[in-house]
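Numbering (our numbering), first residue to last: 35 to 254.
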């Protein structure tokens with residue numbers, strides 16, 4: 035005797051059939067990497083649509099998995115193997131730049147990212163990598179500029195937007211501390227320069243404008 039399907043079972047079957055039909059009718063999505071682990075600030079070097087069907091894509095994703103697992107030597111070998119098969123596959127070159135950051139080879143990382151950006155100036159993962167390398171080098175103003183370029187390339191990078199906000203706040207705080215220290219030491223010219231520098235970062239800050247006005251009154 036055939037058991038009658040419940041309404042819930044019928045809906046489930048329709049859902050499965052619908053999803054299967056939809057998957058078969060749309061082009062395959064661009065491969066993405068799995069969730070981040072060891073290096074959450076690293077942005078997966080996504081594969082552009084023009085390269086999505088290349089056979090090296092799966093090797094590229096596997097190399098990224100190795101990097102995120104902390105296996106830098108295997109990640110290096112994986113990305114290098116991809117490039118040996120296709121020297122124009124710039125996502126792998128970007129991946130090697132992230133490996134260099136993880137290994138603290140910051141100058142090498144910057145060189146790789148700059149090389150990619152020279153050919154593909156709108157590639158957000160390389161801009162983020164450049165920002166990470168600059169930040170690790172203590173060059174916060176340049177890092178913030180690189181992150182801003184990444185946002186221009188991809189406005190959906192909310193994590194990068196938050197990094198910019200943190201760096202901007204930190205830069206303003208440092209400049210404000212320098213301005214107040216100079217003011218207390220009666221080095222008013224130095225204090226004015228510090229306030230002006232802070233205003234280039236936070237041009238809407240009333241606190242900075244008030245501090246600058248007080249210093250300018252001191253200067254006469």
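Each residue gets a CB set at the ideal place from its N, CA and C atoms; glycine is no exception.
| Item | Value |
| --- | --- |
| Would the beta-carbon of residue 150 fall within 8 Å of that of residue 160? | yes |
| Are the segment 170 to 185 and the segment 239 to 248 touching by the rule of at least three beta carbon pairs closer than 8 Å? | no |
| Less than 8 Å separating the beta-carbons of residue 113 and residue 130? | yes |
| Classify residue 207: buried if its beta carbon has 16 or more other beta carbons within 10 angstroms, exposed otherwise. | exposed |
| Is the beta carbon of residue 79 sitting closer than 8 Å to the one on residue 110? | no |
| Please specify which runs of the alpha helix (DSSP H), each continuous and at least 4 residues long, are wholly inside the segment 106 to 143, giving them in chain order. | 106 to 119, 124 to 136 |
| With burial defined as no fewer than 16 other Cβ atoms inside 10 Å of the residue's Cβ, what is the status of residue 178: buried or exposed? | buried |
| Which runs of the alpha helix (DSSP H), 4 residues or longer, sit entirely within the segment 162 to 195? | 174 to 187 |
| Quick one: grab the DSSP three-state call for residue 89. | coil |
| If you compare alpha carbons, which of 116, 198, 201 is closest to residue 96? | 116 |
| Could you check what DSSP says for residue 153 in three-state terms: helix, strand or coil? | helix |
| Does residue 217 pass the burial test, meaning 16 or more other C-beta atoms within 10 Å, or should it be called exposed? | buried |
| Given a threshold of 16 other Cβ atoms within 10 Å of its Cβ, counted over all protein chains shown, does residue 55 qualify as buried or as exposed? | Any reading at residue 55 must be qualified, since the residue scores a pLDDT of 37, below 50, and its modelled position is unreliable; no value is offered. |
| Taking only the alpha-carbon atoms, compute the straight-line gap between residue 191 and residue 202 and give it to the nearest angstrom. | 17 Å |
| Roughly how many whole angstroms lie between the Cα atoms of residue 147 and residue 171? | 15 Å |
| Quick check on residue 104: does DSSP put it in helix, strand or coil? | coil |
| Which of the three DSSP states, helix, strand or coil, is assigned to residue 218? | helix |
| Candidates 250, 254, 235: which alpha carbon is nearest residue 200's? | 235 |
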